[in-house]
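Peer 1:
There are 2 protein chains.
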Amino acid sequence: MRLTDFLPIFGWLKYYSRNDFHGDIFASAITAILLVPQGIAYALLAGIPPQLGLYASILPPMVYALFGTSKTLSVGPVSIAAVMIASALNAPEISALQQPVQSAVILAAETGVLMLIMALLRLGGLVNFISHPVLTGFTSGASILIVLSQLPPLLGLAKPLCVGSFSCYTNTVQTANTSTLLTGLGALLLLILFGKPLTGLLKKTLMKPAWITAISKCGPLLTVVLGAIAVNMFDLNNAHQVATVGHIPANLPELRFNAVDTAHWRHLLPYAALIALIAYVESVAIAKTIANIKGEKIQPNNELLGLGAANIASALSGGMAVAGGFSRTMVNFSAGARTQMAMLMAAVFVALAVMFFSPYFAAIPKSVLAAIILVAITPLIRLRNIVNTWRYDPSDGIAEVMTLLGVLVLGIEEGITLGIILTLVSYLRITSHPHIAVVGRIQGTEHYRNIKRHAVKTWEHLLLLRVDENLTFANVNFVEEFISDQLQRQPDTKHVVLIFASVSYIDSTALEVMESLSATLKSLHVTLHLSEAKGPVLDKLKKTDFLSHLQPGKVFFRTQDAVNELA
Amino acid sequence: MRLTDFLPIFGWLKYYSRNDFHGDIFASAITAILLVPQGIAYALLAGIPPQLGLYASILPPMVYALFGTSKTLSVGPVSIAAVMIASALNAPEISALQQPVQSAVILAAETGVLMLIMALLRLGGLVNFISHPVLTGFTSGASILIVLSQLPPLLGLAKPLCVGSFSCYTNTVQTANTSTLLTGLGALLLLILFGKPLTGLLKKTLMKPAWITAISKCGPLLTVVLGAIAVNMFDLNNAHQVATVGHIPANLPELRFNAVDTAHWRHLLPYAALIALIAYVESVAIAKTIANIKGEKIQPNNELLGLGAANIASALSGGMAVAGGFSRTMVNFSAGARTQMAMLMAAVFVALAVMFFSPYFAAIPKSVLAAIILVAITPLIRLRNIVNTWRYDPSDGIAEVMTLLGVLVLGIEEGITLGIILTLVSYLRITSHPHIAVVGRIQGTEHYRNIKRHAVKTWEHLLLLRVDENLTFANVNFVEEFISDQLQRQPDTKHVVLIFASVSYIDSTALEVMESLSATLKSLHVTLHLSEAKGPVLDKLKKTDFLSHLQPGKVFFRTQDAVNELA
């Protein structure tokens, strides 16, 4: 165990070059320009004051920079985690407490602690719990919910959009505020123009790609600045009821953590568990995408450590739960970031912005922030993907659709839980059918091969079965069924030999089933034997009374020995 | 599809013999003698009026007899399901409704419907969801809870036993009612004597085993009768405050089902899901144990159908959720039951008892019923099993202990959920490491074998990898890691060939990872190829653009073809 195993920053910092610095400082400015409006917008999306998003953009990326193995992952507030926080805060038992800020901070702390526990237990492989179809279905569903939630602030509706009946719908839409609508749609138009149209235009000027990224990513900042200017110039918030962000304290976050109300923590725990899972899985997916491009490596357990520490740092500094953001990471990478120094410096820029520009944030219209969220979230709705998945594998397609519908109809947590259950059920169905073959001897040799594929010698009283997989609770019943089917086909069998050459693990359920199988076979006057069992498997079996229950069945070293004695 | 696939009763009824009838009628009388006190006791354990247990002993076993594949399973009220019902009824959102009877009936209906849905989806394999250690840990934990819950009625305590402090404990124990205590301990003593001591004595008389079973199983009936006589003779319930069962309506259940309160149903659904899972898993385990002894077969999907229909029948006739009971089934079997005709007749006996003896049930002391539950439940507490499991496989041992502690500390539902999660996590950890081997050619042949086990020819620019398992979301990351590790060891590699001879399924997550792997390898100037892919796998891949993304990588029919072209 070396220091760099825990703190990868000491691995790369000593080789840090001037070139690295040039790339990092440029990328850090661009990423900071994105972080400020995103921090405010995602906090509002989560239903908490904007400073919780800003605070989550300062300490957490710094802490991640120390522990994380991804060189370009941009850790901070992200939309999917924000909507999961909103969902937790809206749950009856949580909203009844009427402490949304406290709840959001506890959620971040619990998310961090859970990630650290997962790191400690080396559960980085938990990423395998969620298949791509389920993750895509979940992301699409959550993104649709986000889009729907942003329509009222974008249009300036007085109440949530109602789609129950046409009259109810028109009544709600009629509450739209024209000034809000105009600023919102104006921001939306500007942001869309800053996307493909602008980059297309800039590419024709043969500008450097890093500069094209830089300019096109100033869209959110520009809309926010223009929106705030418009509010001040036309007195939009007083004279025209355009909702704005309002006062944000100009001080940096204080490090503290008060009040452990155990009931409050317990209520939030299931939500934190799902946020931790999704935040981890999404972050690793993003980090891996970039690492693959750069030929680098991600260590899942280090990522758990880094993300866990970042979330605890967020909670300690009064911020919301954080994760790696897809679009921001891509921007950081394509703006030329070489190391996590870029995110360290971006965090410093955000801190400076909070200290010196907070008074100006107050005038940002909420409709502009809604437009920023809409533009960021729309690419995450990937309905086309469902068609492709379905065409390739209908059971995966069903899992994707069910997860998406689950999120929309039942709710965020219910949807992802449903998706995970569906994945596991289909996985168990697949893996509960282990490879198992009836084998016979290739004439003139001591090799034993599948009777279906080779011309081999078999014996009327002897059944040789090669089990090709580890025996566990999930597949041992299939093995039992297989043997009983074979015995019906070959009713004169007196001895069954299980060839365990490929078996390196037998769990205790499988052991019990094998014991009862041996007893059942005895009552049918058939003896069960083993052959070619590996040393560790045999050592474990010797700790139990399985081998004495097996008697008169034996354990043969080689299958040939069994044939010599029993055939 | 034949009729007997759904209604196994038509398979055996036409061969029904006089001998079968002799065995069945005798067993039915013994089982009915057990069913009546158990029905009353388990209903009280669930916290509902006794008739719900009696009604659950009439129609459900009859319906199971039509659909079930086990010839001797005794379906009716069982202790574990009863304590799960009690837990559901005590949940804040359920107990707030103050409709325990209605809730218990809805639980039975939902349990039945969920089982039928599982049968429809052919999810009989769900039995694989729960490993033996988790099931044993759960059963032990739930049984301990049952024992603790029966101490107050046994001792006649005025309030639940309190173990928080010594003074609190003594205060509670001092509320014990001497008369209740005496009837309870008397019943306990009688039941214990009717166990091993009596059967040991009877065996010496060379009596027929079936008669020994019969006599020893009359213990519960005898204690109940003696208890009721004592209550009447000494006026125990009025003069000495001995709690008794109280009035039970003497009419048979009416078939009806009123009021669908969707919120009520939705609240109960998660509890019903866990009851359905446990009831199914326990019933199949019992049915299998007996079927193995008799050399018969259990069809898991038929069991789901039978148990589902039985639960719906229970709900329709105003009863509680049912399952196959272990001790009752063993009694039924050892008393000589040959077919489900025994349970059909036992149900008729219970119905007659309800019609003609209900007035007498009122005087049964609750302490006697508590004694019956205690004697029935104690063998299910298998703490010794934990030691054995732990010694054989520590990770299984941890799952067993955690499940048991989960049940005791967190609650019934939380405990079993924790156990299932632990099983799945450990399962994913094991199965996420697929067999994968670097292979080379055995000189002078076209056979390719593992380089670790055979002296084979390999090539500097060519890496041949044989993947021995289906590729899924759970193991594809390991394959990716394996390939990148191999490339680091063999840096001159230009071509990687994946030999898919053993792969018969690639899920869509694995497909996506393979696509990104191919792209990553391209950027490192390495080309990915496939060989020996099976027809169905190739057909599925052709539906996607994977093969065009693979180019210039190819799909070779034989590995030899790949070597001829690339080596």
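Chains as they are written, first to last, in the working numbering: chain S, 1 to 567; chain V, 568 to 1134. Glycine is no exception: its CB is placed at the ideal position from the N, C-alpha and C atoms. Just so you know, these numbers come straight off a predicted model, no measurement behind them.
(1) With 8 Å set as the bound, which would you pick, yes or no: does the beta-carbon of V/L633 sit closer than that to a beta-carbon of chain S?
(2) Please say whether S/L73 and S/I286 have beta carbons closer to each other than 8 Å?
(3) Nearest to S/A321 by alpha carbon, out of S/E565, S/A109, S/D561?
(4) V/N955: buried (16+ other C-beta within 10 angstroms of its C-beta) or exposed?
(5) Looking at S/P133 and V/S1075, is the spacing between their C-beta atoms short of 8 Å?
(6) For chain S, check one thing: does any of its Cβ atoms lie closer than 8 Å to the Cβ of V/I997?
(7) Classify S/H495: buried if its beta carbon has 16 or more other beta carbons within 10 angstroms, exposed otherwise.
(8) Using a Cβ-Cβ cutoff of 9 Å, what residues of the segment 131 to 146 of chain S are near chain C? List them in chain order.
(9) At the 8 Å Cβ level, is S/L418 part of the contact set with chain V, yes or no?
(10) Among the candidates S/Q150, S/V101, S/Y505, whose CA atom is the shortest distance from the CA of S/T378?
(11) Run down chain V in chain order and give the residues with a C-beta less than 7 Å from the C-beta of S/Y505.
(12) Pull up the distance between the alpha-carbon of V/A1068 and that of V/G862, whole angstroms please.
(13) Go ahead and label S/L148 buried or exposed: buried means 16 or more other beta carbons lie within 10 angstroms of its beta carbon, across all protein chains shown.
(14) I'd like to know whether the C-beta of S/G318 is nearer than 8 Å to at least one C-beta of chain V.
(15) To which residues does DSSP link S/F556 through a beta bridge?
(16) When the Cα atoms are used, what is the spatial distance from S/R338 to S/T199?
(17) The beta strand (DSSP E) spanning V/R1016 covers which residue range?
(18) Along chain S, which residues have their Cβ under 9 Å away from the Cβ of V/L1091?
(19) So with Cβ pairs under 8 Å, would you call V/K1110 a contact of chain S?
(20) Quick one: which chain S residues come within Cβ less than 8 Å of V/Y847?
(21) Give the single residue among S/T423, S/I416, S/N19 whose Cα lies nearest to the Cα of S/D393.
(22) Using a Cβ-Cβ distance under 8 Å, would V/T1076 count as near chain S?
(23) At which residues does the alpha helix (DSSP H) containing V/H1116 begin and terminate?
(24) Using three-state DSSP, classify S/K294 as helix, strand or coil.
(25) Three Cβ pairs or more, each shorter than 8 Å: is that satisfied between the segment 1011 to 1027 of chain V and the segment 736 to 749 of chain V?
(26) Report yes if the C-beta distance between S/V127 and S/V284 is below 8 Å; otherwise report no.
(27) Provide the residue span of the alpha helix (DSSP H) that contains S/A346, from first to last.
(28) Using a Cβ-Cβ cut-off of 6 Å (strictly less than) and excluding sequence neighbours within five positions of V/I815, which residues of its own chain qualify?
(29) Go to V/H1062, then tell me how far its beta strand (DSSP E) extends in each direction, as first and last residue.
(30) Taking only beta-carbon atoms, is V/G643 less than 8 Å away from chain S?
(31) Within 8 Å (strictly less), CB to CB, does V/Y838 reach chain S?
(32) Kindly list, in the order they appear in chain S, the residues whose Cβ is closer than 9 Å to that of V/E958.
(33) Is S/I381 helix, strand or coil by DSSP?
(34) Are the segment 575 to 585 of chain V and the segment 877 to 894 of chain V touching, with three or more C-beta to C-beta distances below 8 Å?
(35) Do V/A1077 and S/Y427 come within 8 Å of each other at the CB atom, strictly closer than that value?
(36) Under 8 Å by Cβ, that's how I've got V/L702 and V/V848 pegged, so tell me the actual separation to the nearest angstrom.
Peer 2: With the given structure in hand:
(1) no
(2) yes
(3) With respect to the C-alpha of S/A321, the residue from S/E565, S/A109, S/D561 having the closest C-alpha is S/A109.
(4) buried
(5) yes
(6) yes
(7) buried
(8) In the structure shown, chain C does not exist; the protein chains are S and V.
(9) Nearest CB-CB separation between S/L418 and chain V: not below the 8 Å threshold.
(10) Checking every option, the nearest Cα to that of S/T378 belongs to S/Q150.
(11) Near S/Y505 (Cβ distances below 7 Å), the residues of chain V are I997.
(12) 37 Å
(13) exposed
(14) With respect to chain V, the C-beta atom of S/G318 has no partner C-beta closer than 8 Å.
(15) S/S531
(16) Distance between the alpha carbons of S/R338 and S/T199 is about 23 Å.
(17) 1015 to 1017
(18) G295
(19) yes
(20) Neighbours of V/Y847 on chain S: none; closest Cβ ~14 Å, over 8 Å.
(21) It is S/T423.
(22) yes
(23) 1113 to 1117
(24) DSSP, read as helix, strand or coil, puts S/K294 in helix.
(25) no
(26) yes
(27) 341 to 361
(28) P617, Q618, S925, F928
(29) 1062 to 1066
(30) no
(31) no
(32) For the record, residue 958 of chain V in the displayed sequence is Arg; it is not Glu. Result: K543, T544.
(33) coil
(34) no
(35) Taking 8 Å as the Cβ cut-off, S/Y427 and V/A1077 do not qualify as a contacting pair.
(36) About 6 Å; that satisfies the 8 Å criterion.
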